[in-house]
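Written out below as C-alpha cells is the structure these notes cover.
Numbering (this note's numbering), first residue to last: 65 to 447.
Listed below in C-alpha cells is the structure:
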C-alpha cells in the first residue's frame, strides 16, 4: 500500500466573487417624469376630445357639463395611458390616488371661492366700525352703510350658543360615558336614538320646542327657547364624538385602576375622562360650531328684533343666522351688504371654533401638553 504525502503544496485560491453593482437608493414616494408626462397627456387628450364632442359632434352645451365630461374623460385617458406602461394593480392604485387628489383640490377651491365671495360682498359693511358697535334700532332700510350694525345679533348668538353648550355638554358627555363605560341592554337603544337625532332636521327641533315650551308651557319666544332648540341639535354631535374619543382610551389604564382598588366611577372620573380630555374638548367645540350656524330653530323660537336684548329669558332676541336670513332677502343694497357682512362674521366665528378644536384636540389620548410636561419637570426637580 503506497502512501502519497504532499509537502510544500497549498490549496488553490478561492475564486473571487463577482463584482456587484453599487446599491442605488430607491424612492418610495414622489412623482416620476413618466407620471407627470402621462398626467399632462391625459389632460390634453381629454380636453381635445371633450371640445370635439361638445362643439362639433353632439348637441351639448353648458360649462358644468363640459367640466364634468372633461373630468371623466381625463380619468379614462389616465387609465388607458397608464395601462401601456405599468402593471394593472399599479394603474388602479394611481387612478384612485388621482381621484382622491382631485376631490381634495375641488374641496379647497370651493372653500376659497366661498370665502372670497363672502369677503367681497360683505367687506363693504364690515370695514366700518359701526357694524360691530351699533344695532339696527335707529337705522332704516334706506340708511347709508355707515349707520347701523349687527352688535345685537352677535350678542344674541353668543348668549344662545353659551346656554345651549351649558345644557348639551353635560347631557352629551353623560350619554357617551353610559354607552361606552356602563353598557348593558339599554345602551343599544340609546345609541340608536342618538344616531337618529344626528340626522334630525333642524326645523323639527324648532317645532318641538315651539310646541312644548312656547305653546304648551306658555313661555314666549326668547333666546332661552332658542338655546333649547340648539341643545337638541348639539347634544347628539357631542355624544357621538365623545363616545368615539372615550373608546380610544387604552383598556390597560382601566385595568390598572381596577387593580389598584378603584371603583368604576373613580376610574371613569380620574382616569378615563382626564385621558380623553383633548378629544372631549374637540367634541364640545364641534357641537358649538354646529349650533351656532342654525337658522330654522332660532326662527321659530327666538323671534326677531332690531334692538339690543341682552336678557335671553325675556323678549325676542335675534342671532347672526337669523339676521342674515332676514337681511339678504331685502331689495335694498345696503341691507344685503349688512347680511353678507354678518355671514362673514359668522364664518369667522366658526373658523375660530374649528381652529381651537384642532389646537386642543391635536394630541393623542393620554399625551401630555407642554404645560403639563413643564409642571411634571418642576415637580421632579423639587423632589
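In this text, a Cβ means the ideal position worked out from N, Cα and C, and glycines have one as well.
Sub-9 Å separation of residue i and residue j beta-carbons
| i | j | result |
| --- | --- | --- |
| residue 230 | residue 344 | no |
| residue 198 | residue 213 | yes |
| residue 178 | residue 290 | no |
| residue 175 | residue 192 | no |
| residue 303 | residue 239 | yes |
| residue 294 | residue 358 | yes |
| residue 217 | residue 384 | yes |
| residue 365 | residue 282 | no |
| residue 196 | residue 409 | yes |
| residue 158 | residue 99 | yes |
| residue 244 | residue 311 | yes |
| residue 113 | residue 141 | yes |
| residue 241 | residue 332 | yes |
| residue 353 | residue 421 | yes |
| residue 146 | residue 102 | yes |
| residue 246 | residue 328 | yes |
| residue 127 | residue 117 | no |
| residue 278 | residue 361 | no |
| residue 135 | residue 166 | yes |
| residue 417 | residue 356 | yes |
Simplified DSSP assignment, three categories, for residue i
| i | result |
| --- | --- |
| residue 210 | coil |
| residue 401 | helix |
| residue 373 | coil |
| residue 396 | coil |
| residue 462 | Lying before the first or after the last residue shown, residue 462 is absent from the chain, which here runs from 65 to 447. |
| residue 50 | There is no way to answer for residue 50, as the model of the chain reaches only from 65 to 447. |
| residue 70 | Confidence in residue 70 is poor, its pLDDT being 48 and thus under 50, which makes the residue's placement too unreliable to answer from. |
| residue 249 | coil |
| residue 199 | coil |
| residue 381 | coil |
| residue 358 | coil |
| residue 436 | helix |
| residue 288 | helix |
| residue 100 | helix |
| residue 282 | coil |
| residue 234 | helix |
| residue 368 | coil |
| residue 342 | helix |
| residue 263 | coil |
| residue 110 | helix |
| residue 205 | coil |
| residue 95 | coil |
Buried versus exposed, by CB contacts within 10 Å (16 or more), residue i
| i | result |
| --- | --- |
| residue 227 | buried |
| residue 403 | buried |
| residue 351 | buried |
| residue 106 | buried |
| residue 67 | Legend: pLDDT at residue 67 = 49, less than 50; position of this residue unreliable, value from coordinates given subsequently. Exposed: under 16 other Cβ atoms inside 10 Å. |
| residue 334 | exposed |
| residue 257 | exposed |
| residue 233 | buried |
| residue 219 | buried |
| residue 448 | An answer regarding residue 448 cannot be provided, because it is not within the stretch 65 to 447 covered by the chain. |
| residue 434 | exposed |
| residue 123 | exposed |
| residue 446 | exposed |
| residue 439 | exposed |
| residue 401 | buried |
| residue 151 | exposed |
| residue 189 | buried |
| residue 104 | exposed |
| residue 374 | exposed |
| residue 259 | exposed |
| residue 320 | exposed |
| residue 305 | buried |
| residue 273 | buried |
| residue 436 | exposed |
| residue 346 | buried |
| residue 325 | exposed |
| residue 314 | exposed |
| residue 265 | exposed |
Cβ-Cβ separation, residue j to residue i (assumed contact under 8 Å), whole Å
| i | j | result |
| --- | --- | --- |
| residue 386 | residue 363 | 6 Å |
| residue 110 | residue 138 | 4 Å |
| residue 153 | residue 288 | Not confirmed; about 60 Å, so no contact. |
| residue 407 | residue 186 | 6 Å |
| residue 372 | residue 215 | 7 Å |
| residue 286 | residue 211 | The Cβ separation is near 28 Å, so there is no contact. |
| residue 299 | residue 235 | 5 Å |
| residue 61 | residue 206 | Shown here, the chain extends from 65 to 447; a query on residue 61 therefore has no answer. |
| residue 301 | residue 262 | 7 Å |
beta-carbon residue i near the ligand SAM non-hydrogen atom, thresh 8 Å
| i | result |
| --- | --- |
| residue 118 | Although the ligand SAM was asked about, the structure shown includes no ligands whatsoever. |
Alpha helix (DSSP H) runs wholly inside the segment 117-181, at least 4 long, in chain order | 127-147
Identify every run of the alpha helix (DSSP H) within the segment 300-338, keeping only runs that are complete inside it and at least 4 residues long; order them along the chain.
-> 315-323 and 328-331
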